[in-house]
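**Student:**
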Amino acid sequence: YFVQILTKFFAELQANTQIYGRRPFGVGLIIAGYDERGTHIVKTDPSAEVVETLASSIGARSQSARTYLERNLDHFPAASLEQLVEFALLALRDTLPAEDSLSKKNTTIAVVGKGMPFKVMEDDDVQPFLDRIAGVPRTGQQSGSEIEFIQILYYGYESDKLIFQQQATTEPMQL
């Protein structure tokens, strides 16, 4: 079912590129879901390029998060749900300027997967995950004080768990 929904969405996205004077949607998206074939993460960019991926991030400073996730892909298949969330939080945390940190007020975690309906965790549900990574040293410090909206998605292959984690200190753009 997830693939059917994506197929319709991508057909509309592509149709916009076929008509002179029309553009694709002009935004980058990360779409995640689970169906009978497993977990899927699909990323689109403003030019309508569509890529299915194992791990991805989007937004300002997302390249360092993506690099962290790519370096740790080998650990994902055997990881528990809690460990997968920790990988996402560490990737995100290391994109922040040194003077900023993740908190339960600026972090949201969502999961979906086999036998696991989509669930969003906020505020007090997020705090235990933040506590687990508190003692882990930062791998890089970003300069600058403004934090932009960033999203990170990845999943564990064998366990069919999908992790979506986002953080923002500035509100995402409303469409």
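Going left to right, the sequence shown walks through residues 2 to 176 as the numbering used here numbers them. Idealized CB from N, CA, C, for every residue including glycine.
In three-state terms, what does DSSP make of P129?
**Tutor:** Correct three-state label for P129: helix.
**Student:** I need the straight-line Cα distance from F11 to T54, nearest angstrom please.
**Tutor:** Their backbone Cα atoms lie some 16 Å apart in a straight line.
**Student:** Give a yes or no on whether the C-beta atoms belonging to D95 and R139 are separated by under 8 Å.
**Tutor:** Yes.
**Student:** What would DSSP say about K44, mapped onto helix, strand or coil?
**Tutor:** Reduced to three states, the DSSP call for K44 is strand.
**Student:** Answer yes if the region 85-95 comes into contact with the region 56-73, meaning at least three C-beta pairs across the two stretches below 8 Å, and no otherwise.
**Tutor:** Judged by Cβ distances under 8 Å, the region 56-73 makes contact with the region 85-95, as three or more pairs qualify.
**Student:** Is the beta carbon of E71 within less than 7 Å of some heavy atom of the ligand ATP?
**Tutor:** No copy of the ligand ATP appears in this structure; indeed no ligand is present at all.
**Student:** Does DSSP put S63 in a helix, in a strand, or in coil?
**Tutor:** In this structure, S63 counts as helix in the three-state DSSP scheme.
**Student:** Using the Cβ count rule (16 or more neighbours within 10 Å means buried), how would you classify K44?
**Tutor:** That one is buried.
**Student:** Using the three-state DSSP reduction, which class does I134 fall into: helix, strand or coil?
**Tutor:** DSSP places I134 in helix when its eight states are reduced to three.
**Student:** Can you tell me whether I6 is buried or exposed? The criterion is at least 16 other CB atoms within 10 Å of its CB, across all chains shown.
**Tutor:** Answer is exposed; the Cβ neighbour count stays below 16.
**Student:** On a Cα-Cα basis, can you pick out the residue from M122, V127, M117 that is closest to E37?
**Tutor:** Looking at the Cα atoms, M117 is the closest of the given residues.
**Student:** Please report how far the alpha carbon of K106 lies from the alpha carbon of H41, in whole angstroms.
**Tutor:** Approximately 28 Å, taken between the alpha carbons.
**Student:** Quick one: what does DSSP say D124 is sitting in, helix, strand or coil?
**Tutor:** In this structure, D124 counts as helix in the three-state DSSP scheme.
**Student:** Check V52 in the structure and name its three-state DSSP category.
**Tutor:** It is a strand residue.
**Student:** Who are the near neighbours of G34 in its chain, counting only those whose CB is closer than 6 Å to its CB and skipping five residues on each side?
**Tutor:** Cβ neighbours of G34 beyond the five flanking positions: F3, H41.
**Student:** Going by the beta-carbon positions, is the gap between G29 and I59 smaller than 8 Å?
**Tutor:** Against a cut-off of 8 Å, the Cβ pair of I59 and G29 comes out as a contact.
**Student:** Between the alpha carbons of P47 and Q19, how many angstroms are there, rounded?
**Tutor:** In a straight line, the C-alpha of P47 is about 15 Å away from that of Q19.
**Student:** Rounding to the nearest angstrom, what Cα-Cα distance links I110 and Q128 in this structure?
**Tutor:** Cα to Cα, the separation comes out at about 11 Å.
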